[in-house]
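K.L.:
Following this message is one structure expressed as structure tokens.
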Amino acid sequence: MPPPDLIADYLDALTYELRFDPALAHRVRQEVEDHLRQSADEANNCTAPPEAQLRAIARFGDQRAIARQYAPTALLAQSRRAGIVVLLVLAGIYAMMKGRLAWYGFTQWSLSPDVAAIVATGFSVVRWVFIIAVSLAVVGAAYVGSRQPMQKFDSGCHRQLLCCVAFCASAAVALLIAIGLDGIMLGLRMAGREPSTIVVVPIFSMVVEASLGILLVRTVAEAIQRTVAARALLLPDN
Amino acid sequence: MLKGHLDMIVLAALSGGRAHGYAVIQEIHRRSGGAFDLPEGTIYPALHRLEKSGFLTSHWMTADSGRKRRVYSLTRRGQHALADHRAIWQRFARAIGGLFGEPRHAAARPHR
């Protein structure tokens, strides 16, 4: 029976504790493996392999305590990335909306009086929802930008990171509502209209908006998931 | 006390040239005369943090053992930060040395 590979078990546990950042976990695993194997190889000269591995692991420290030290910098960087995505999506959606309106004007897109009234109300709602999204994004960007990585990952630090992702999430929700309403209004404009080259531009801009929305959902959901997962690091060491 | 100065210690350990995490720990142990015997795992988050702050740069290389190894070196910014830390520490050490040294004040001795 081959001797147990304690280092591999330790690395699995460390990777699990670092699950709030898979790319970081992969990098740390490779780096720490080199360290532990070298440490165990050097100790092998005076002791048996499993004991040398145990000693190397003991000198290295508790995996949760180590993961906790990575968390403040890694999670704040993720929140900042999510914040940047929110701002970029905001700019993209604004450009698409403005472009579509300019296109309607340019092509003298006509609507029946009933549809025109609904679209005017819808446009007003979208504008306000968009303004709310911009406000949340600006306040959130200011909040996230003003945070400095804390030296220690404790409940205060975790609360601060949750606050960062909450700003991103609320701005994202407002933007998704704006995209949804935009889609409904485009549908109303298209209803009963013959397919022609004129409709290609609004449809294309709506596809771009929807793609930006998907990107937004994925980014923000990932940031929330990872920040929430990091709560496990607040538990006592193994 | 050690925790607050870990970044400075890591920068100082890398002042001799590029090294991987294990070598950084050995260098700290050697240069401190074994006084700094911190858990080895604490060095890696510090290296990562210093790299993110632009004080260090790193790249992967293959060690003689065939394993992948990440090697760190000081950036220009890291060298400046180390020089600043060193100057502050030397002033502090002189001041503490003065306080703990022989009292030279005549006024400090009781008058007869």
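Line by line, the protein sequences are chains A and B.
For our numbering, add 620 to where a residue sits in the first sequence, where the first one is 1.
For our numbering, add 540 to where a residue sits in the second sequence, where the first one is 1.
Note that the Cβ used here is the ideal one computed from N, Cα and C, for glycine as well.
None of these values were measured; they are calculated from a predicted model.
Going by C-alpha to C-alpha distance, which of A:Arg657, A:Gln658, A:Leu631 and A:Ala660 sits closest to valine 648 of chain A?
P.N.:
Residue mapping note: residue 648 of chain A aligns to position 28 of the first sequence, counting from 1. Ranking the options by Cα distance to valine 648 of chain A, first place goes to A:Leu631.
K.L.:
Alpha helix (DSSP H) containing arginine 679 of chain A: first to last residue?
P.N.:
For this step, residue 679 of chain A is matched to residue 59 along the first sequence. Looking at the DSSP string, the run of the alpha helix (DSSP H) that includes arginine 679 of chain A is 669–680.
K.L.:
Is arginine 747 of chain A helix, strand or coil by DSSP?
P.N.:
Within the first sequence, residue 747 of chain A is the residue found at index 127, counting from 1. The answer is helix: DSSP assigns arginine 747 of chain A an H, G or I state.
K.L.:
Should isoleucine 565 of chain B go down as buried or exposed, given a rule of 16 or more other Cβ atoms within 10 Å for buried?
P.N.:
By 1-based counting over the second sequence, the position of residue 565 of chain B is 25. That one is buried.
K.L.:
Helix, strand or coil for threonine 847 of chain A per DSSP?
P.N.:
To locate residue 847 of chain A, count along the first sequence from 1; it is residue 227. Three-state result, threonine 847 of chain A: helix.
K.L.:
Name the residue from B:Gly581, B:Arg589 and B:Arg634 whose alpha carbon lies nearest to the alpha carbon of aspartate 682 of chain A.
P.N.:
Sequence index remark: in the first sequence, residue 682 of chain A carries index 62 (1-based). Residue nearest to aspartate 682 of chain A within the set B:Gly581, B:Arg589 and B:Arg634 is B:Gly581 (criterion: CA-CA distance).
K.L.:
By the criterion of Cβ-Cβ separation under 9 Å, what are the contact partners of aspartate 654 of chain A in chain D?
P.N.:
Checking the listed chains, one finds no chain D in this structure; the protein chains it contains are A and B.
K.L.:
Look at the alpha carbon of alanine 633 of chain B and the alpha carbon of isoleucine 549 of chain B, and state the distance between them as a whole number of angstroms.
P.N.:
As a position in the second sequence, residue 633 of chain B is number 93, starting the count at 1. As a position in the second sequence, residue 549 of chain B is number 9, starting the count at 1. Rounded to whole angstroms, alanine 633 of chain B to isoleucine 549 of chain B spans 15 Å at the Cα level.
K.L.:
Where DSSP assigns a beta bridge to tryptophan 600 of chain B, which residues make up the other side?
P.N.:
As a first step, residue 600 of chain B must be located in the second sequence, where it is residue number 60. Answer by DSSP bridge pairing, in chain order: B:Arg610.
K.L.:
Name the residue from A:Ala757, A:Gln650 and A:Phe773 whose alpha carbon lies nearest to the alpha carbon of leucine 708 of chain A.
P.N.:
Along the first sequence, read from residue 1 onward, the residue named residue 708 of chain A stands at position 88. Of the candidates A:Ala757, A:Gln650 and A:Phe773, the one whose C-alpha sits nearest the C-alpha of leucine 708 of chain A is A:Ala757.
K.L.:
Count the other CB atoms within 10 Å of the CB of glutamate 651 of chain A; is the residue buried (16 or more) or exposed (fewer)?
P.N.:
Here residue 651 of chain A refers to the residue found at position 31 of the first sequence. Taking all protein chains shown into account, glutamate 651 of chain A has 16 or more neighbouring C-beta atoms within 10 Å of its C-beta and is therefore buried.
K.L.:
Assuming the contact rule is C-beta atoms closer than 8 Å, serine 598 of chain B and tyrosine 612 of chain B should be a hit. Round their C-beta distance to whole Å, please.
P.N.:
Within the second sequence, residue 598 of chain B is the residue found at index 58, counting from 1. Within the second sequence, residue 612 of chain B is the residue found at index 72, counting from 1. With 8 Å as the limit, serine 598 of chain B and tyrosine 612 of chain B qualify as a contact, their Cβ atoms being about 5 Å apart.
K.L.:
Taking just the CA atoms, how far does serine 699 of chain A sit from leucine 622 of chain B?
P.N.:
Mapped onto the second sequence, residue 622 of chain B falls at position 82. Mapped onto the first sequence, residue 699 of chain A falls at position 79. Going by the C-alpha atoms only, they are around 30 Å apart.
K.L.:
From the beta carbon of glycine 581 of chain B, is the nearest beta carbon of chain A less than 7 Å away?
P.N.:
Your numbering for residue 581 of chain B matches position 41 in the second sequence. It does: the Cβ of glycine 581 of chain B has a partner Cβ on chain A nearer than 7 Å.
K.L.:
Tell me whether the segment 754–770 of chain A and the segment 705–723 of chain A touch, counting them as touching only if at least three CB pairs, one residue from each stretch, are closer than 8 Å.
P.N.:
yes
K.L.:
Sort out for me which residues DSSP pairs alanine 559 of chain B with in a bridge.
P.N.:
Here residue 559 of chain B is taken as the residue at index 19 of the second sequence, counted from 1. Beta-bridge pairing links alanine 559 of chain B to B:Tyr612.
K.L.:
Taking the alpha-carbon of serine 750 of chain A as reference, which of A:Val735, A:Gly712, A:Gly812 and A:Leu626 has the nearest alpha-carbon?
P.N.:
Residue 750 of chain A sits at position 130 when you count from the first residue of the first sequence. First, the amino acid is wrong: residue 750 of chain A is phenylalanine here, not serine. Ranking A:Val735, A:Gly712, A:Gly812 and A:Leu626 by Cα distance to phenylalanine 750 of chain A puts A:Gly712 first.
K.L.:
Quick one: which chain B residues come within Cβ less than 8 Å of glutamate 671 of chain A?
P.N.:
The residue labelled residue 671 of chain A in the question sits at position 51 within the first sequence. What glutamate 671 of chain A touches in chain B: nothing, since even the nearest Cβ is about 17 Å away.
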